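*Asks:* Numbering (the working numbering), first residue to last: 569 to 657. Ideal Cβ positions, reconstructed from N, Cα and C, are used throughout, including at glycine. Predicted model, so just to flag it, every value in this text is computed and none were measured. I have a structure here, written as structure tokens, and I will follow up with some questions on it.
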């Protein structure tokens, strides 16, 4: 039984920066974060080289984002080549 005189610990999520309201201009990074967050929520986000290569080869990829800090030139070359062949621009 819960005793109301005791203090209850309630987890609280940290506030997330809210994106600009509809109609207001956003910078490219804010827009990308919003798109990635929505894609993750709807199960449409693929992460990792292996998963990304499979989706790109199936012509199911709509957007491919390669991190600037990727220090593997072979990975960069592979992803860029797959995107050039399979993603419509």
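1) Less than 8 angstroms between the CB atoms is what I'm expecting for residue 661 and residue 632, so what's the real figure, rounded?
2) To the nearest angstrom, how far is it from the Cα of residue 607 to the Cα of residue 629?
3) When we look at the beta-carbon of residue 624 and count the other beta-carbons within 10 Å, is it buried (16 or more) or exposed?
4) Out of 592, 655, 596, which one is the CA nearest neighbour of residue 627?
5) Flag this pair as yes or no: are the beta carbons of residue 643 and residue 604 separated by less than 7 angstroms?
6) If you run the structure through DSSP and keep just helix, strand and coil, what is residue 594?
*Replies:* If we stick to the structure as given:
1) Summary: the structure shown does not reach residue 661, with the chain confined to residues 569 through 657, and so no result is reported for it.
2) 12 angstroms
3) That one is buried.
4) Considering only 592, 655, 596, the residue with the shortest C-alpha distance to residue 627 is 655.
5) Note that the C-beta distance between residue 643 and residue 604 is not below 7 angstroms.
6) Residue 594 falls in the coil class under three-state DSSP.
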